[in-house]
Each structure stands twice: as structure tokens, then as C-alpha cells.
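Count along the sequence shown starting at 1, add 8, and that's the number in my numbering.
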Amino acid sequence: MNERAIIGQYWPEDSFVHHMDPRVKCILSIAVMVIILCAGNAASLAVAAAFVILFYAASRIPLAQAVRAVGPLLVIVILTAVLNILFVQGGTVYFQFGIICVSEDGLISAAFIGCRLLLLLLAMSLLTLTTTTLDITAAFERLISPLARIGVPAHELSMILGLALRFLPQFMQELSVISRAQKSRGATLTMNPFKGGFSTMASLIVPLFASAFRHADTLSAAMEARCYHGGVGTTRLNPLRTSWRDGVGSVVVALMAACVVIMNCII
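Right, here's the structure in full:
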């Protein structure tokens with residue numbers, strides 16, 4: 009498996025987006041996803057797609073790489089589109105067999121929802137592609153640190169987020185290794201539940217969970233050996249600072265929101 013084609017994998021590059029403050033990128037990423045959800049017609053969704061492509065161009069990340077990075081989640085897009093085709097009815101009927109009916113409104117709804125979900129995945133992936141795990145963790149901790157006054161464990165939550173982002177690519181790689189190992193032993197892997205799909209899942213999930221527990225034990229032992237006691241007194245080699253790039257990025261996202269609202273109103 010290509011190490012640079014795994015969801016959550018950082019793509020090192022010297023670009024405008026990479027040098028933005030991670031706190032600002034987290035906020036703007038949430039704003040972009042909200043804007044995409046607010047796109048109410050095809051024209052506004054096309055405008056949102058144009059801005060997402062612009063963001064990837066500014067980050068110097070190939071769009072093909074972005075699609076590969078969200079590849080494991082494309083099954084959600086496909087499943088949602090299929091459900092819309094089957095359950096949204098109206099307009100011209102193109103195919104009907106029993107209770108299965110494919111109509112014009114169903115195809116339009118499937119295409120619209122599928123494109124919206126794909127844009128959401130690309131917007132979410134852009135944050136992890138352009139920001140290291142340490143920076144995302146630090147940004148998340150800084151953003152929720154005011155909640156520590158009411159008892160929210162900001163440092164612990166950010167540490168959990170950092171560990172999840174750190175080990176997700178590794179677990180994807182280990183799943184690929186386990187799959188190849190099972191095939192080398194003569195196992196037939198299939199996702200069909202009527203042809204041994206459940207045993208296939210067990211042969212992959214059980215070793216993966218065993219590996220996850222082994223990594224957890226190793227990590228806890230390493231933290232205890234280093235006398236880990238939380239985020240008290242920790243410092244950063246490169247402190248988080250905002251710059252003019254963050255202002256430009258905020259203006260572009262605001263322009264995206266304005267364009268989407270205008271397209272929603274005039275069409």
C-alpha cells in the first residue's frame with residue numbers, strides 16, 4: 009500500500025496553506041464544511057467545489073492524491089447515493105422492477121448528495137494533509153483550553169486526538185499486511201456475508217485488535233517510563249503564531265460563504 013495514499017497521512021510541502029496557523033486552519037475547515045452543507049442547489053455546490061479545488065491548488069497537493077487519501081471512505085458516498093436512488097422517487101421513471109424504482113428525482117438527489125459528501129471528505133482531508141499531527145493536537149488543545157476552567161480535560165482530549173491521528177495510518181498499513189498474510193496462507197477473503205464474509209472479517213479484525221492492544225500496552229509503558237504527568241510545564245519548539253496568511257485564508261473562506269449564499273438566493 010502506498011504510504012502517501014492513506015487517509016490522515018500528512019503530505020509535506022512548502023505551500024501557502026501549510027504555513028498557516030493550525031488553529032486558524034481548524035476553524036476554517038469547520039467553516040468550509042458548514043458552507044458545503046448550506047449549499048442548497050447544484051450551482052452553489054459547484055461554487056463550493058471550485059473553492060475546494062482552489063484550496064488544494066494553494067496547498068500544492070494533487071487532487072488525485074486527495075481522492076486516494078479519502079478512498080477508504082468513498083464507500084459511504086456510494087452507499088448514500090444508492091440509498092437516494094432507491095428511496096427518492098419522482099419525475100420520469102427510468103427503471104422499475106418490483107419495489108425497486110429508479111426515477112429522475114432519485115438520480116438527481118443521488119448525484120447532489122454524493123458530490124456534497126465527496127466535497128466534505130476532501131475538505132476534512134485537507135486539514136490532515138497540510139498539518140502535522142503535533143500541530144493539530146496543539147491547535148485543538150489551545151482552542152478548547154478555555155473549557156478547562158469548567159473541568160473539561162483539554163490536554164487529555166487533545167492527546168487522545170493526536171494518538172488517533174498518529175495510529176490511524178499505521179493501523180491501515182497493518183490491515184493490509186494482515187490481509188496479505190492471510191492470503192499467503194491460502195485464505196479466501198470475501199465480503200459476501202453468504203460466502204463466508206463474517207469469517208473473513210473475523211480473520212482480519214481479531215489480529216488487528218490484538219495489534220492495537222499491543223500498541224496500547226507499549227505506549228502506556230513508554231509514558232510511565234518517561235514519568236508522563238500531563239501537559240503541565242510543556243513547551244513547544246515552534247510556538248503557534250498567526251500571520252498574514254491566516255487573514256488571507258479567512259477572507260477567501262468568507263468570500264466562499266458569500267458566493268454560496270448568493271447562488272442559493274438567486275437560483
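Backbone N, C-alpha and C define an ideal beta-carbon position, used for all residues, glycine too.
State the start and end residues of the unbroken alpha helix (DSSP H) segment that holds residue i.
i	result
Val32	30-46
Val101	Not the alpha helix (DSSP H): Val101 falls in the beta strand (DSSP E), residues 101-105.
Val25	It is not in any alpha helix (DSSP H) - Val25 carries neither H nor E in the DSSP assignment.
Pro177	162-192
Thr139	First-last for Thr139: undefined, no H or E at that position.
Ile69	First-last for Ile69: undefined, no H or E at that position.
Under a Cβ-count criterion, where at least 16 other Cβ atoms within 10 Å of its own Cβ denotes burial, should residue i be classed as buried or exposed?
i	result
His237	exposed
Val40	buried
Ile108	exposed
Ile19	For the record, residue 19 in the displayed sequence is Trp; it is not Ile. It counts as buried.
Arg31	buried
Leu248	exposed
Ser111	buried
Asn92	buried
Asp225	exposed
Val101	exposed
When DSSP labels each residue in this structure, what does residue i get in the three-state scheme?
i	result
Val260	helix
Cys267	helix
Trp252	helix
Asn283	Nothing about residue 283 can be reported from this structure: the residues present for the chain run from 9 to 275 only.
Tyr18	coil
Gly79	helix
Asn92	helix
Arg234	coil
Asn4	No statement about residue 4 is possible, as the shown extent of the chain runs from 9 to 275 and does not include it.
Gly122	helix
Pro201	The predicted position of Pro201 is uncertain, since its pLDDT is 46 and thus under 50; a value taken from the coordinates is nonetheless stated next. Helix at Pro201.
Ile275	coil
Taking DSSP's pairing of strands, which residues face residue i in a bridge?
i	result
Ser111	Val101
Is residue i near the ligand FMN, with its Cβ less than 7 angstroms from a heavy atom?
i	result
Pro30	This structure lacks the ligand FMN, and indeed carries no ligand of any kind.
Taking Cβ positions only, does residue i come closer than 8 angstroms to chain C?
i	result
Leu171	No chain C appears in this structure, which consists of one protein chain only.
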